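*Asks:* Sequential numbering of the sequence shown, starting at 631, is according to the numbering used here. Have a look at the structure that comes next, please.
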Amino acid sequence: IWQLVAIEALFGGAQAFFEPAYSGLLPQTLPESLVQDARALTESVANVAMLLGPALATALVLGVGAGEAFAIDAATFVFSALLLTRVHPRPRGESAAAGSMLHELRVGFREVRSRTWVWVIIAVFTGAVLCVYAQWFALAPVIARDAYGGAGVFGVLEAIGGAGAVCGALLALRWQPERPLLTGMLLVLAWPIEAGAFALHAPLGFVLAWSFASGFGFSLLMIWWETALVRHIPPGALSRVSAWDWMGSLALLPFGYLAAGPLAEMFGPATVLAVGSAVGVVLLLVGLLPRSVRELGGEPTRERFTESSAQQLAGQVEIEPGGEAQVAHVDPLVGTVDQR
Numbered sequence: 631i632w633q634l635v636a637i638e639a640l641f642g643g644a645q646a647f648f649e650p651a652y653s654g655l656l657p658q659t660l661p662e663s664l665v666q667d668a669r670a671l672t673e674s675v676a677n678v679a680m681l682l683g684p685a686l687a688t689a690l691v692l693g694v695g696a697g698e699a700f701a702i703d704a705a706t707f708v709f710s711a712l713l714l715t716r717v718h719p720r721p722r723g724e725s726a727a728a729g730s731m732l733h734e735l736r737v738g739f740r741e742v743r744s745r746t747w748v749w750v751i752i753a754v755f756t757g758a759v760l761c762v763y764a765q766w767f768a769l770a771p772v773i774a775r776d777a778y779g780g781a782g783v784f785g786v787l788e789a790i791g792g793a794g795a796v797c798g799a800l801l802a803l804r805w806q807p808e809r810p811l812l813t814g815m816l817l818v819l820a821w822p823i824e825a826g827a828f829a830l831h832a833p834l835g836f837v838l839a840w841s842f843a844s845g846f847g848f849s850l851l852m853i854w855w856e857t858a859l860v861r862h863i864p865p866g867a868l869s870r871v872s873a874w875d876w877m878g879s880l881a882l883l884p885f886g887y888l889a890a891g892p893l894a895e896m897f898g899p900a901t902v903l904a905v906g907s908a909v910g911v912v913l914l915l916v917g918l919l920p921r922s923v924r925e926l927g928g929e930p931t932r933e934r935f936t937e938s939s940a941q942q943l944a945g946q947v948e949i950e951p952g953g954e955a956q957v958a959h960v961d962p963l964v965g966t967v968d969q970r
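So, in structure tokens, the structure goes:
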């Protein structure tokens, strides 16, 4: 078993490097106006793959064996890496000099901290992942077995949620709301509602409907969130901010998994999931309190690094011919948008 544990650890580490870099790479491969469409297409393909993946994996394991199935899976990663070598990103916005990992983290943190809408969403999902996501995957199969006649019901719910995610991603190709974060946060409320209804043993048809809505809303929010980062974060800081997004949102996930078992032993799995879902609803609603979250628009802004981050990256403040240093002007909705 230790080999699988080691492989999973390596995979998690590789994904932690890949995802922020990919978030910064995609906008450099196409015009700005097509960013949301590109996010929607990649999300659609990923969701379809997640729907079909379990069936394909089962067929491979039964047909050629587990070891061979893992080898085929590994080959897909090699093929993906070869495809990435064919990508030629275009210059986009201000370039940023590379530094040490701690230096990069500091720069990214300053960019996150300077934008209320960014750090609030990250903080909200840090708590929601702990209270809802972790408890759902740890406890929902047990609840399905005890209250719905079999753990297979959990798989059905995940499949229905995946179908909703595909539909949401396809809709994102056509729908660009004026207030994407507000719309997305309201839609994603279906996620903890689904988990809470399941924990309270609601009729299966009711839970299935909320499962579809959950996948639908989550897919749209993720597309709009990633698009908002591209449109409102300086290009040179995008991967750094994405790193904080991934790290912050998932930081407490392992602790959620660890806590699920003992809490379920003490209070019962249904109670733990129901309470966690209620907390998730509250957190998502709290995330809508800042005006910058509710009113962030879909139009791109001409963002620049915050003054402190620019000094960290360049080592100095640029002095104009008139002798005055350029000072960042901070917009209350999106953060630093131009220099004066």
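Every residue gets a Cβ at the ideal spot worked out from N, C-alpha and C, and that includes glycine. Remember, it's a predicted structure, so these values are computed and weren't measured experimentally.
Starting from C797, trace the alpha helix (DSSP H) both ways and give me its first and last residue.
*Replies:* G782 to A802 is the extent of the alpha helix (DSSP H) around C797.
*Asks:* If we ignore side chains and look at the alpha-carbon of each, how far apart do A904 and V786 end up?
*Replies:* Straight across, the Cα-Cα distance linking A904 with V786 is about 20 Å.
*Asks:* Mind pulling the alpha helix (DSSP H) runs of 4 or more residues that sit fully within the segment 664-733?
*Replies:* 665-694 and 696-714
*Asks:* Here's the rule: buried if 16 or more other CB atoms are within 10 angstroms of the residue's CB, otherwise exposed. What is W855?
*Replies:* buried
*Asks:* If you draw a straight line from the C-alpha of G779 to the C-alpha of A795, how long is it?
*Replies:* 26 Å
*Asks:* Rounded to whole angstroms, what's the CA-CA distance from R870 to G835? Just pull it up for me.
*Replies:* 42 Å
*Asks:* State whether the segment 682-691 contacts the segment 905-915, with contact taken as three or more CB pairs (one from each stretch) at a distance under 8 Å.
*Replies:* no
*Asks:* Round the Cβ separation of V737 and A867 to the nearest angstrom and send it over; I've been treating them as touching at under 8 Å.
*Replies:* 7 Å
*Asks:* Taking buried to mean at least 16 other C-beta atoms within 10 Å of its own C-beta, is F577 buried or exposed?
*Replies:* Residue 577 cannot be examined here, being either before or after the span of the chain that is shown, 631 to 970.
*Asks:* Counting beta carbon pairs with one atom in the segment 813-825 and one in the segment 703-719, are three or more of them shorter than 8 Å?
*Replies:* no
*Asks:* Starting from the Cα of V750, find the closest Cα among L800, V916 and L656 and give me that residue.
*Replies:* V916
*Asks:* Using 8 Å as the threshold, is the C-beta distance between V902 and Q765 below it?
*Replies:* The answer is yes: Cβ separation under 8 Å.
*Asks:* Grab me the residues of G972's own chain with a C-beta within less than 8 Å of its C-beta, minus the 5 sequence neighbours each way, in chain order.
*Replies:* Absent from the structure is residue 972, since the part of the chain shown begins at 631 and ends at 970.
*Asks:* Are there 16 or more other CB atoms within 10 angstroms of the CB of W632, so buried, or fewer, so exposed?
*Replies:* exposed
*Asks:* Quick check on S841: does DSSP put it in helix, strand or coil?
*Replies:* Three-state DSSP puts S841 in a helix.
*Asks:* Whose C-alpha, out of E673, G782, I637 and V837, is nearest the C-alpha of S653?
*Replies:* E673
*Asks:* Run through DSSP, which three-state label would P807 get?
*Replies:* coil
*Asks:* Quick check on DSSP: helix, strand or coil for A639?
*Replies:* In the three-state scheme derived from DSSP, where H, G and I count as helix and E and B as strand, A639 is classed as helix.
*Asks:* Hey, how far is the Cα of V837 from the Cα of G798?
*Replies:* 18 Å
*Asks:* In this structure, does DSSP put I863 in helix, strand or coil?
*Replies:* coil
*Asks:* For G927, name the three-state secondary structure that DSSP assigns.
*Replies:* coil
*Asks:* Could you give the residue range of the alpha helix (DSSP H) that holds Y887?
*Replies:* L883 to F897
*Asks:* Which residues in the same chain have their Cβ closer than 6 Å to the Cβ of Y887, if we skip the five residues on either side of it in sequence?
*Replies:* A764 and A768
*Asks:* Taking only the alpha-carbon atoms, compute the straight-line gap between P650 and F641 and give it to the nearest angstrom.
*Replies:* 15 Å
*Asks:* What does the Cβ neighbour count give for F707, buried or exposed, with the cut at 16 atoms within 10 Å?
*Replies:* exposed
*Asks:* On the CB-based measure, 16 or more other CB atoms within 10 Å of its CB, does I637 come out buried or exposed?
*Replies:* exposed
*Asks:* List the endpoints of the continuous alpha helix (DSSP H) containing L868.
*Replies:* L868 to L880
*Asks:* Taking just the CA atoms, how far does T659 sit from M680?
*Replies:* 25 Å
*Asks:* Do you know offhand how far A832's Cα is from P865's?
*Replies:* 46 Å
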